[in-house]
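Structure first, then comments.
Residue numbers (our numbering): 13 to 646.
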């Protein structure tokens, strides 16, 4: 196309005429005649065109220049996503003459050239998705699925003959017999108009009919490949959310984040400067791959955890929990969730600590270098994000990682805390369902076999006294009365039994008609003396127990095998210590009087019998090491 210079300053306002015509490759031509020329600000490598009428700024980078007619210099320059040809006077005064814009196309999801805001037309209807919900959707989907499968095998341009053969194999025999090449051509033409296929004419023809028919070869567009890949994932997923709770994913994230806090082997810096880190010596390519791996790991962790928790809260899982088969998997599911919670707590503390220690100056340098490398990657898109936009996107992604683990500072809590709370709630919900299912089974279970066994047992007894004893043991007292008395509590010990209570009097009411119990006005009696006595008794009891504990667990090493006969409270205290240490990753804990200890198994694998005053407890052979012997609270 030939550019025609014209005189400047004849009109009072800018005149814009846009003539679009369809060209191969979605090309259109725009002629912009600016009678109000823009001002140019030039540097050594780029220049800016400022339009006075609108205030728009176009940023260009010089590519090449040549001398034209009448002393004009033709300079080809490139803004974001467009190729511009400018005619500029060869004198030192920059004057805007004419702009020809080629390959003008708005890319969905990218910023426009003249404005930072998203144009509203990027939210228009996506015509490439029409093939999924129309009358002939099965035929269209069969065609495009074949394109997707061949694209996986690195075959991009396909001929109608092979497409027809594969589509017929996917159809029913009756439909395949009626599906002809003419119908295929109509389907391909429709998909081409919707933007699902690209086509080019084949250069090899053997017949005049083939030349007249314009034999095309077709290729699926990127949007179509993305749609088919998503549909394939949805088909594999089915009606479930999928996902998983893998602790190893958090551990990989920890290993990737460690590089942000790892100092260089030689890190000398002046006062006021940031220290030198190991990542400062990395190349931009290595930093780019590290950042990509970090964000992909974070995205995989969050997506899998979110999908798995959503699946546990779905209607299908709730229905499955009400079946008897669920009891077989109850222990596996709860053990899976508990192991995930323990691993999550270990990894989350490390991640939170590393995120809080990240040097912001180091992070800023890394993200700018990563963005610079991404800009340097050769791409053929018509719209390419600037380095500033890429850096902003990276900072938004980093802020998303921080808020997921640390929260946004508003007091609402982080997504990590929400995940821990949902996991604990899922464990409790599964336990409740299992308990209800067990109660239902026990209430509905037939006792026929039990009664037959008892009947056989009774029939084999020869002495009637033995039969009476067996009947009393199995059925209890034949005529039993349940008596309830209101007696004050003598102790707050949760391990006390009914045999520790004092006997109480029970007043039998006469069974005569018209009897009414006398009522007396109640009064509040001061019980300060009794309270003081009870407190004194309680403190004395606790002191005696502490003295007994110091006597039993004396020394820096105590083995359960070597313990003497102990009281019930000593056994309860020992089991409490074991529970605390088992919940700790380091198997450490602290007693009520401040002594730190570590629990270790003896290694023999044997089980020992702990002799108690009220029975015998069989348990593993543990050894307790007190690490700060002598440092006891008074």
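C-beta atoms are modelled at their ideal positions from N, C-alpha and C, and glycine is treated no differently. All values derive from a computational prediction rather than experimental measurement.
Taking buried to mean at least 16 other C-beta atoms within 10 Å of its own C-beta, is residue 712 buried or exposed? Coverage of the chain is limited to positions 13 through 646, which leaves residue 712 absent and any answer about it impossible.
Beta-carbon within less than 6 Å of residue 413's beta-carbon, same chain only, minus the 5 sequence neighbours each way: which residues are those? 310
Rounded separation between residue 612 and residue 551 - CA only: 33 Å
Whole angstroms are fine: how far does the CA of residue 397 sit from the CA of residue 110? At residue 110 the pLDDT is 36, less than 50, meaning the model places this residue with poor confidence; the figure from the coordinates comes in the next sentence. Computed Cα separation, rounded: 26 Å.
Can you tell me whether DSSP reads residue 363 as helix, strand or coil? Secondary structure of residue 363 (DSSP, three-state): helix.
Residue 355 bridges to which residues according to DSSP? Per DSSP, none; premise fails for residue 355.
Mind checking who residue 638 pairs with in its DSSP beta bridge? 609
Per the DSSP calculation, residue 617 is bridged to which residue(s)? DSSP, once it has assigned bridges, lists no residue as partnering residue 617.
Mapping DSSP to helix, strand and coil, what is residue 443? helix
Is the Cβ of residue 421 closer than 8 Å to any Cβ of chain C? This model lacks chain C altogether, as it is built from one protein chain only.
Limits of the unbroken beta strand (DSSP E) element including residue 232: 228 to 232
Grab the span of the alpha helix (DSSP H) containing residue 182 for me, first residue to last. 172 to 182
Residue of 230, 510, 382, 360 minimising C-alpha distance to residue 207: 230
Unbroken alpha helix (DSSP H) runs of length 4 or more, entirely within the segment 258 to 306: which are they? 259 to 269
Identify the residues that DSSP records as bridge partners of residue 631: which are they? 620
Beta-ladder partner(s) of residue 578, from DSSP: 624
Taking the CB atoms as reference points, tell me whether residue 572 and residue 622 lie closer together than 8 Å. yes
Using the C-alpha atoms, what's the distance from residue 360 back to residue 262? Using only the alpha carbons, I get a separation of about 8 Å.
Same chain, Cβ closer than 6 Å to residue 123, neighbours up to 5 away in sequence not counted: The pLDDT assigned to residue 123 is 35, lower than 50, so where the model puts this residue is not dependable; a value taken from the coordinates is nonetheless given after this. In its own chain, leaving out the 5 sequence neighbours on each side, no residue places its CB closer than 6 Å to the CB of residue 123.
Output needed for residue 527: all residues of its chain with C-beta closer than 8 Å, excluding positions within five of it in sequence on either side, in chain order. 521
Got a sec? Which residues, its chain only, sit under 6 Å from residue 370 by beta carbon, not counting five neighbours each side? 272
In terms of alpha-carbon separation, which member of 157, 428, 290, 175 lies closest to residue 245? 157 is the residue among 157, 428, 290, 175 whose C-alpha sits nearest the C-alpha of residue 245.
Residues that DSSP places opposite residue 571 in a beta bridge: 635
So what does DSSP say about residue 711, is it helix, strand or coil? No answer is possible for residue 711: the residues shown for the chain start at 13 and end at 646.
With distance defined between alpha-carbon atoms, name the residue in 201, 333, 406 nearest to residue 299. Among 201, 333, 406, the Cα nearest to that of residue 299 belongs to 406.
Through-space distance from residue 227 to residue 143, alpha-carbon basis: 23 Å
Judging by CA-CA distance, which residue of 498, 497, 512 is the nearest neighbour of residue 504? Comparing Cα-Cα distances from residue 504 to each of 498, 497, 512, the minimum goes to 512.
Nearest-angstrom Cα separation, counted from residue 497 out to residue 516: Distance from the CA of residue 516 to the CA of residue 497, rounded to the nearest whole angstrom, comes to 7 Å.
Relative to the C-alpha of residue 178, which residue among 514, 202, 155 is closest? 155
Among the residues of its own chain, which have a CB less than 8 Å from the CB of residue 275, if the five just before and after it don't count? 287, 288, 289, 290
Taking the beta carbon of residue 536 as the centre, do at least 16 other beta carbons fall within 10 Å, making it buried, or is it exposed? exposed
With distances taken Cα to Cα, identify the nearest neighbour of residue 603 among 451, 632, 558. Selected option, being the one with the closest Cα: 558.
Could you spell out where the beta strand (DSSP E) holding residue 600 opens and where it closes? 600 to 602
In angstroms, rounded to a whole number, what distance separates the CA positions of residue 76 and residue 159? Residue placement at residue 76 is poorly supported in this model, since its pLDDT is 40, which falls under 50; the coordinates still yield a value, given next. Rounded to whole angstroms, residue 76 to residue 159 spans 40 Å at the Cα level.
Buried or exposed for residue 670, going by 16 or more other Cβ atoms inside 10 Å? What the structure shows of the chain is the stretch from 13 to 646, and residue 670 is not part of that stretch, so it cannot be assessed.
Tell me the residue span of the alpha helix (DSSP H) that contains residue 482. For residue 482, the enclosing alpha helix (DSSP H) has its first and last residue at 476 to 487.
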